[in-house]
Amino acid sequence: MTNSAPTKPAKAENALELTDLSVAYRVAGRNRAVLRNLSLNIRQGEAYGLVGESGCGKSTVALTVVRYLPRNGSILGGVISLDGQDVMKLDAEALRRARAESVSMVYQDPGKALNPSIRIGRQLTEIFELGGVTGQAATDRAIAMLNRVRISDPPSVMQRYPHQLSGGMQQRVAIAMALANDPSMLILDEPTTGLDATVEAEVLDLIAQLRQELSASILFISHNLAVVSNMCDRVGVLYAGMLVEEGPTDVVFNDPRHPYTVALLRCLPRGGQRKDQGRLDTIPGFLPGIGADIKGCAFADRCALADNRCRTELPPLYDLSDERGKRLSRCFHHDKAQALPRATPSDVATAPKPTTAPVLRVAGLNKTYASHGHPLRAVKDVSLDLRPGETLGLVGESGSGKTTFARLLLGLVPPDDGGTIELEGKALAPKLENRGDDQVKAMQIVFQNPDSALNRSHSIRHILSRALKRLAGLSGKAQEARLDDLVRAVRLTDRHLAVKPRQLSGGLKQRVAIARAFAGDPRIVVCDEPTSALDVSVQAAILNLLADLQSKEDVSYIFISHDLGVVRYLSDKIAVLYLGRIMEIGPSEEVFSGPHHPYTEALLSAVPQLDQTETARIRLDGEIPSATNPPPGCVFNTRCPRKIGPICEQQEPPLAEAQPGHSIRCHIPYPELARLQKAVVTEPA
Amino acid sequence: MSAVQTTSPTQDDTRRRSPMADVFFSLMRSRTFLVGLVIVLFWVACALFGEHFAPYDPLADDIINALAPPSSEHWFGTDQIGRDVFSRVIVGSRDILTVAPLATLLATIAGTALGLLTGYFRGIVDDVVSRILEAFMAIPVVIVALLAIVALGTSKATVIIVIGLSFAPIIARTVRSAVLAERELDYVAAAQLRHESAFHTMFVEILPNVIPPILVETTVRLGYAIFAVATLSFMGFGIQPPSPDWGLSISSNYGMIGGGFWWTVLFDALAIASLVIGVNLVADGVHGALND
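The following block contains the structure:
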């Protein structure tokens, strides 16, 4: 807005005003630009979303506003004006006062923002004491704050230590602390990223409600476009430290005018898109490194619309304001941004799958841990089967037993006696060491975190060669030839083979992990949240890769994810887990479109969606109960919004087949569920 | 974004230096490490080539000049049978710099193996082995040395074995805790899903990742080993006359201090102290570089 803002609004109008801000980090003796001439305004009472991939400078903006940059960071130029006050000109005392009184921050990990050794009450009253309120008055205000963030029974919460609260409660407390002094500016840096979908929904609802009550302006930083689209009035898209597009949220997301925004939106599986309907689009290449020398448009190298001008001349921020609001785009070709050609062709060849015998059959699988002398039933009585080339999606909140179930299948953890796992008709030994080599190589896993899954001391070549040797029994020339194929199949190149994992980006590391899992032509690959640590553009590429490998190799997946859009894209069949039990299992489309189990209904309703029209949302109260002491009757009865009466508390419902292949564990009869949910569910059937 | 200064997940490969190069550059910038290294290298040079630049034969007696104070002829004076103290200090580093590193090496190898076993297998193996190691740690080195001398006789080999075995449990404990943390990582599960042997998983998968703590522990132990060798020599359990070994020289001369012949003891003591300090500075530097 440095050159295109037509009129400069009066100062008091804006809660935050960044003008021409440039920030650099000093690395290895050189200043590396992180923010480049960034200008943006947040009006009083407005919620402004800042989105972009990791490494684009989002968090640096937040840190710069309160001048909390790390020691090697420096502000090279520009003006930061907080409520009309120039932050750069404040002395230490005035800055401290500004931080204490007018601006507050909430960080991603509430566990780290709260002091683990001080009770919640003490941490809260401390804030008021700094403002001169002490004793009972401070305690009263702390209780009022906790009430405000909808924490029931504040006096007892104040007696607790942070670790005694769940993640969602911790984040509420962090928000309460941030709001304690009624700040004029609230900065939320990925406030729900580490939380379960149901908890995320609660926290977002809370923030939305607080916005009605408070006058605070909000700077909302997130990589999750759907969250920003639900929470914010206006959105700015950041790329390589530059604002590339800005405007009212719904306009930007529905009618983007910068190729980067267009590409980001296309990476997401939306509107129930599935793997057999086409591949996701991806963004080729990488974000320019910190401090890269950028001549023209920062996005030019990854943009199919880029021409010579884009590479040599920095596009200005074009003012594209219309009747829908003021908006900007930093692209010469903003008028045809939406014509951006796809980076990945959408078409897929799908042959109809012949129905064959299941490759995996699980019956009555249980796992009980001993927790302080009490039995903890992590997995209870799970039975299911999986056909070749099919994907089973496992969903549920953390603590629902998804990962334990996967580990039982793999033999990493032995199940309780009694259950059976059959692979291609043959029973599998409970323990990995008692399984045959062929059985072991037939079932592999792609772990959530490639940093943990790849041995950091070994080169990529070593990692993959060893897998080929052990799982495919190859050595010498044959091994090298297969290694070549494998590397090409996951779209890595030879030059990646010589390096160690830490020299690769997250997406490339995950490709190596996938290659390793496929080394021995497995029949089943367990994917445990394989994309949760990745940016959306990288996630799209990994999901495409998994879909391609599946259609080529006819491998089956067990896909664990908390991202329902991702699960829906890849899965043929879905199992919904709660406290180690299957609450619902059935074909993916039926589970998603309903009628479904009340828990599935709540899970689906919790997910923020880009193209969401206001629907009646279902909220789950409280936390997932402890598995050491599950509620009697239906385990979901304590949180169920559709509880019908005492029967729910007394009798555990059976997993009953509602439709062929679709079973639901609920006392409410299927037709009744259909009737109840028709009124609420807006999902197209 | 505090991670900005090191890595950005969207960067392409090969931008970052290898971990070993990082450690090397960090060591080269550490003054602690460099000072320690100079001291240690000085004594290593003395051990290797001492007799070439020592002004006198360290073993040649010269009764007429016995107990001469430091002078331009005998910089550090002479001992009770007239041997040149300066030459003896120079050449005296040889035995201690053979015995202490070999003892540390033995302790490292044995400790690493035990640490890997207990950390990897956990359970009953860990319980039994760890209790034995703890019991072993409770016995003072000197007692172990006495027993070993009775059984094996006095020799450099005995000293190496005594110190090596005494230090092994300490290293084993460090390695065990590192292995316990490493074992939880998914690459170990991935190895199990390839049906790798326990030996392969321990030594090929896990061992390379626990090298840094082993390296730190080894350098720290080397300092203690030097001290222990000197102590045992002083007590007459270790290196035997006529070696110009420092501990031994102090032992045979310390009765002279009362007579004012301080130079027969002081320079050997300073030599021991400087070598221990040098090794400890190196250890500090290595620790700093690996934990940056």
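Chains A and B supply the protein sequences, listed in that same order.
Residues in the first sequence are numbered consecutively from 0, following numbering that gives the first Met the number 0.
Residues in the second sequence are numbered consecutively from 0, following numbering that gives the first Met the number 0.
Glycine included, C-beta positions come from ideal geometry on N, C-alpha and C.
Short Cβ contact (9 Å threshold) for residue i with residue j
i	j	result
Thr343(A)	Ala488(A)	no
His73(B)	Val90(B)	no
Glu396(A)	Thr197(A)	yes
Ala53(B)	Thr117(B)	no
Ile142(A)	Met176(A)	no
Gly579(A)	Val445(A)	no
Leu115(B)	Val143(B)	no
Gly240(A)	Leu34(A)	yes
Ala229(B)	Ile271(B)	yes
Gly110(B)	Asp283(B)	no
Ala511(A)	Gln538(A)	The question names Ala, but residue 511(A) in the sequence shown is Val. Their beta carbons are not under 9 Å apart, which means Val511(A) does not touch Gln538(A) by this criterion.
Arg455(A)	Asn208(B)	yes
Ala23(A)	Gly72(A)	yes
Gly324(A)	Pro247(A)	yes
Asp61(B)	Arg82(B)	yes
Ala362(A)	Thr403(A)	no
Val64(A)	Val50(A)	no
Arg171(A)	Arg149(A)	yes
Where residue i falls, given that 16 or more other Cβ within 10 Å makes a residue buried
i	result
Phe198(B)	exposed
Asp334(A)	exposed
Ile117(A)	exposed
Pro683(A)	In this predicted model, Pro683(A) has a pLDDT of only 43, less than 50, meaning its place in the structure is not dependable enough to derive any value.
Ser536(A)	buried
Asp520(A)	exposed
Pro68(B)	exposed
Leu15(A)	buried
Thr133(A)	exposed
Asn253(A)	exposed
Ser345(A)	exposed
Asn307(A)	exposed
Asp185(B)	buried
Asp181(A)	exposed
Glu133(B)	exposed
Leu269(B)	exposed
Met27(B)	exposed
Tyr67(A)	exposed
Those residues which DSSP pairs with residue i across a bridge
i	result
Asp527(A)	Ile559(A)
Val77(B)	First, the residue type needs correcting, since residue 77(B) is Thr and not Val in the sequence shown. For Thr77(B), which the question treats as bridged, DSSP gives the partners Asp83(B).
Met104(A)	Ile186(A)
Lys572(A)	Leu391(A), Pro586(A)
Tyr577(A)	Arg580(A)
Glu362(A)	At residue 362(A) the sequence reads Ala, which differs from the Glu that was named. Paired residue(s): Thr419(A).
Pro374(A)	Ala369(A)
Val381(A)	Leu364(A)
Arg25(A)	Asn30(A)
Ala405(A)	Looking at the DSSP assignment, Ala405(A) forms no beta bridge with any residue, so it has no partner.
Val236(A)	Val50(A), Glu244(A)
Ile41(A)	Leu15(A)
His661(A)	Gln658(A)
Ala99(B)	None; Ala99(B) has no bridge partner.
Gly773(A)	Any property of residue 773(A) remains undetermined from this structure, which presents chain A solely from 0 to 684.
Under 8 Å from the C-beta of residue i: neighbouring residues of chain A
i	result
Glu72(B)	None at all; the shortest Cβ gap to chain A is about 53 Å.
Glu195(B)	Arg469
Chain-ordered neighbours of residue i on chain B, where CB pairs are closer than 7 Å
i	result
Leu409(A)	Leu192
Within chain B, partners of residue i - CB distance below 8 Å
i	result
Arg689(A)	Because residue 689(A) is not part of the residues shown, which for chain A are 0 to 684, the question remains open.
Arg515(A)	Ala189
Positions along the region 203 to 236 of chain B whose CB lies within less than 7 Å of some CB in chain A | Listed by position along the chain: Glu204, Pro207, Asn208.
Taking Cβ-Cβ distances below 7 Å as the criterion, which residues of the region 171 to 190 of chain B are in contact with chain A?
-> Leu184, Asp185, Tyr186, Ala188, Ala189
Taking a Cβ distance cut-off of 7 Å, strictly less, list which residues of the region 420 to 447 of chain A are near chain B, in chain order.
-> Leu431, Asp436, Val439, Gln443, Ile444, Phe446
Which of the residues in the region 183 to 197 of chain A, read from start to end, lie with their CB under 8 Å from any CB of chain B?
-> none
Taking only beta carbons into account, state which residues of the region 448 to 473 of chain A come closer than 9 Å to chain B, listed in chain order.
-> Result list: Asn448, Pro449, Asp450, Ser451, Ala452, Leu453, Asn454, Arg455, Ser456, His457, Ile462, Arg465, Ala466, Lys468, Arg469, Leu470.
Contact list for the region 137 to 170 of chain A against chain B, Cβ threshold 9 Å = none
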